[in-house]
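Just so you know, the sequence shown maps onto residues 649 to 784 in my numbering.
Backbone N, C-alpha and C fix where the C-beta goes; we use that ideal spot for every residue, glycine too.
Just so you know, these numbers come straight off a predicted model, no measurement behind them.
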Amino acid sequence: MAAPAFNPQAWVYALSLAASQYPELRVRETASEWAERILEFRALSDTIQQTKTGILQAESANSGKAPAALYIQLQEEEERTEEVSREIRSLRTSIARLLSEVQNRIRAMALALSTGEEVCFCQTCREEIDEDEDFT
Numbered sequence: 649m650a651a652p653a654f655n656p657q658a659w660v661y662a663l664s665l666a667a668s669q670y671p672e673l674r675v676r677e678t679a680s681e682w683a684e685r686i687l688e689f690r691a692l693s694d695t696i697q698q699t700k701t702g703i704l705q706a707e708s709a710n711s712g713k714a715p716a717a718l719y720i721q722l723q724e725e726e727e728r729t730e731e732v733s734r735e736i737r738s739l740r741t742s743i744a745r746l747l748s749e750v751q752n753r754i755r756a757m758a759l760a761l762s763t764g765e766e767v768c769f770c771q772t773c774r775e776e777i778d779e780d781e782d783f784t
């Protein structure tokens, strides 16, 4: 079975809830950085398209030759776009981990409510929750 499609609206909603309930996880900061990288990626994509258009115009005006600076600029823009794309993937992985942590906390609270136990989210307790078969 294929992985579910990425749904940005669902992530924004989940991140908003997680950020308000668990500020110590720094969800808001990670999500903001992710959004900034996406905007940068879009701007770079637009710039690349403009540079390609400039190259085509220069080539048609100059017997198939464009200034070398345009080709260098295009290469730099494409490299930066690839770098930003990697950052976006990394941040998306970080966000998925944060949402998983939130999910584990919610499950722990549900279990605690059903058993009358207290809930603690110190590192030791979180590791125990992660190892618990009920939460995998």
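Tryptophan 659 sits close to isoleucine 743, with the two beta carbons spaced by under 9 Å. Here the stretch 718-736 makes contact with the stretch 687-698; the two share three or more CB pairs at distances below 8 Å. With a beta-carbon spacing of about 18 Å, isoleucine 736 and arginine 674 fall beyond the 8 Å limit used to define contacts. If you draw a straight line from the Cα of alanine 716 to the Cα of alanine 679, it comes to about 38 Å.
Going by DSSP, asparagine 752 is part of the alpha helix (DSSP H) stretching over 716-763. Between the alpha carbons of serine 664 and isoleucine 696 lies a distance of about 33 Å.
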